[in-house]
Amino acid sequence: MVSKDALENEPHLAMLSCSDCHAGNPGGKDKAESHADLVERPSDDISTCAGCHPDEAEYYATSLHYTTAGFRNGVMGRFSEQELAKYDELVFEQSCRSCHAACGDCHVKTPIVSGVNLGLISGHDFVRKDETKTCALCHGGRVYSEFTGDYGGTPDVHYQKGMLCADCHTAEEMHGDGTLYEGRRDVSTRPQCVNCHPIEASSANSNDAHEAHVGVLSCSACHTSAEYRNCQNCHVGEGSTSFPALVLGNNPRIEGQVTTLRLVPTVRSTFEKAGIKQENFDSLPNWWDTVPHMTKKRTDRTKDCAVCHSEGRYFITEEMFPKDGSKANEGLLK
Numbered sequence: 034m035v036s037k038d039a040l041e042n043e044p045h046l047a048m049l050s051c052s053d054c055h056a057g058n059p060g061g062k063d064k065a066e067s068h069a070d071l072v073e074r075p076s077d078d079i080s081t082c083a084g085c086h087p088d089e090a091e092y093y094a095t096s097l098h099y100t101t102a103g104f105r106n107g108v109m110g111r112f113s114e115q116e117l118a119k120y121d122e123l124v125f126e127q128s129c130r131s132c133h134a135a136c137g138d139c140h141v142k143t144p145i146v147s148g149v150n151l152g153l154i155s156g157h158d159f160v161r162k163d164e165t166k167t168c169a170l171c172h173g174g175r176v177y178s179e180f181t182g183d184y185g186g187t188p189d190v191h192y193q194k195g196m197l198c199a200d201c202h203t204a205e206e207m208h209g210d211g212t213l214y215e216g217r218r219d220v221s222t223r224p225q226c227v228n229c230h231p232i233e234a235s236s237a238n239s240n241d242a243h244e245a246h247v248g249v250l251s252c253s254a255c256h257t258s259a260e261y262r263n264c265q266n267c268h269v270g271e272g273s274t275s276f277p278a279l280v281l282g283n284n285p286r287i288e289g290q291v292t293t294l295r296l297v298p299t300v301r302s303t304f305e306k307a308g309i310k311q312e313n314f315d316s317l318p319n320w321w322d323t324v325p326h327m328t329k330k331r332t333d334r335t336k337d338c339a340v341c342h343s344e345g346r347y348f349i350t351e352e353m354f355p356k357d358g359s360k361a362n363e364g365l366l367k
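Residue 34 is where the sequence shown starts when you use this note's numbering, and the numbers rise one by one after that.
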């Protein structure tokens, strides 16, 4: 039920009637008549919000939260042309696209995850942000639980200082900028450590370790505090399992750089139920570069050079490769 206070003071409710967004039959004599042809999730159609927020709606139509293009482009290299067409129809549209977020999933009602949500975020008020009820639901399996320390280890240093998701992930990044990006790493406004922590090898702000490792190591290779969640056996498979690990290896996207790696649970049989054998499976590795959200200034790698240079404590080994995994995994070995 919408409160009288909300009807009078919430801008959307004060300026618009229920039927402006939800359609239905405002002249109905009872609930059944009034709710005839009701649209339960009006923001699933971006044009609903575009009437008052044209710029945001136009950009959001190209955002990764809306297109979920990262799910498609991240795996498409494994498929033949015929398999990609089958993936688009039977997997991407039927499964991956179910994760796409409409405007209301962040600003009115919590997103639906596996058919379940937490209902309205704050009555029927439109909220600017509430990371614990929006970001955490979709990204809570890994990122948010690592960030808050709930997965293990200590909370991310930024979280300890009172920062939340939107302090780094700006509205422009979330809403999109009109560009159809292939994946999140291509987004021009994505947060990067050097935005707040510039590393200039010749400046007083740097130090010997940064000078020696800039470009050779990612920030997370040294500043990830603890083991993070890795998953295996999911998607069209028979369920998934997870395990903690901190793994270093060659960055499959940036030649010559060592970074943190996370297991992507796509194996040869992942899409067999959809009739997809992944003819080009060996073109991509199973472990990919990742930025765990559990940053710490001082770790065992920043305190002791031997951890990496003598012991090789966290480096990926062949024993970590999934059974019947990709031959491209060999390129990750340091």
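Quick reminder that beta carbons are idealized off the backbone N, C-alpha and C, glycines included.
Just so it is clear, the structure is predicted and the values come from calculations on it, not from any experiment.
Distance, residue j Cα to residue i Cα
{"i": "residue 323", "j": "residue 79", "result": "31 Å"}
{"i": "residue 75", "j": "residue 362", "result": "44 Å"}
{"i": "residue 113", "j": "residue 309", "result": "9 Å"}
{"i": "residue 368", "j": "residue 338", "result": "Residue 368 lies beyond the residue range present for the chain, which begins at 34 and ends at 367; the question has no answer from this structure."}
{"i": "residue 219", "j": "residue 52", "result": "39 Å"}
{"i": "residue 42", "j": "residue 203", "result": "27 Å"}
{"i": "residue 287", "j": "residue 343", "result": "24 Å"}
{"i": "residue 68", "j": "residue 57", "result": "5 Å"}
{"i": "residue 148", "j": "residue 248", "result": "43 Å"}
{"i": "residue 150", "j": "residue 221", "result": "31 Å"}
{"i": "residue 296", "j": "residue 279", "result": "11 Å"}
{"i": "residue 207", "j": "residue 227", "result": "20 Å"}
{"i": "residue 329", "j": "residue 182", "result": "12 Å"}
{"i": "residue 234", "j": "residue 241", "result": "Unreliable placement is indicated for residue 234, whose pLDDT of 47 sits below 50; the coordinate value is still reported in the next sentence. Those two C-alpha atoms are separated by around 8 Å."}
{"i": "residue 185", "j": "residue 265", "result": "19 Å"}
{"i": "residue 94", "j": "residue 100", "result": "7 Å"}
{"i": "residue 350", "j": "residue 275", "result": "19 Å"}
{"i": "residue 81", "j": "residue 63", "result": "25 Å"}
{"i": "residue 50", "j": "residue 92", "result": "26 Å"}
{"i": "residue 158", "j": "residue 356", "result": "50 Å"}
{"i": "residue 300", "j": "residue 118", "result": "19 Å"}
Where residue i falls: helix, strand or coil (DSSP)
{"i": "residue 44", "result": "helix"}
{"i": "residue 123", "result": "helix"}
{"i": "residue 356", "result": "coil"}
{"i": "residue 274", "result": "strand"}
{"i": "residue 280", "result": "strand"}
{"i": "residue 328", "result": "strand"}
{"i": "residue 190", "result": "helix"}
{"i": "residue 348", "result": "strand"}
{"i": "residue 142", "result": "strand"}
{"i": "residue 299", "result": "coil"}
{"i": "residue 263", "result": "strand"}
{"i": "residue 69", "result": "coil"}
{"i": "residue 149", "result": "strand"}
Integer-rounded CB distance, given that residue j should sit under 8 Å from residue i
{"i": "residue 368", "j": "residue 307", "result": "Look at the range of the chain in this structure, 34 to 367, and you will see that residue 368 is not part of it."}
{"i": "residue 107", "j": "residue 216", "result": "6 Å"}
{"i": "residue 144", "j": "residue 171", "result": "6 Å"}
{"i": "residue 319", "j": "residue 354", "result": "7 Å"}
{"i": "residue 340", "j": "residue 334", "result": "5 Å"}
{"i": "residue 167", "j": "residue 139", "result": "5 Å"}
{"i": "residue 19", "j": "residue 199", "result": "Because the chain here runs from 34 to 367, residue 19 falls outside it and cannot be looked at."}
Under 8 Å between C-beta atoms of residue i and residue j
{"i": "residue 298", "j": "residue 273", "result": "yes"}
{"i": "residue 261", "j": "residue 196", "result": "no"}
{"i": "residue 304", "j": "residue 359", "result": "no"}
{"i": "residue 285", "j": "residue 364", "result": "yes"}
{"i": "residue 375", "j": "residue 316", "result": "Outside the shown range of the chain, which is 34 to 367, sits residue 375, and nothing can be said about it."}
{"i": "residue 325", "j": "residue 164", "result": "no"}
{"i": "residue 209", "j": "residue 96", "result": "yes"}
is_contact[residue i, chain C] using C-beta, thresh 8 Å
{"i": "residue 48", "result": "Given the protein chain composition of this structure (a single chain), no chain C is represented."}
Contact test: residue i Cβ vs the ligand SAM heavy atom, cutoff 7 Å
{"i": "residue 143", "result": "Only the bare structure without any ligand can be found here, which leaves the ligand SAM out of the picture."}
>> Contact between the stretch 248-259 and the stretch 282-297 is defined here as three or more beta-carbon pairs at a separation below 8 Å; is this criterion met?
In response: In short, these stretches touch, since the Cβ pair count reaches three.
>> Three or more C-beta pairs under 8 Å: does that hold for the stretch 128-147 against the stretch 96-106?
In response: With the cut-off at 8 Å, the stretch 128-147 and the stretch 96-106 touch.
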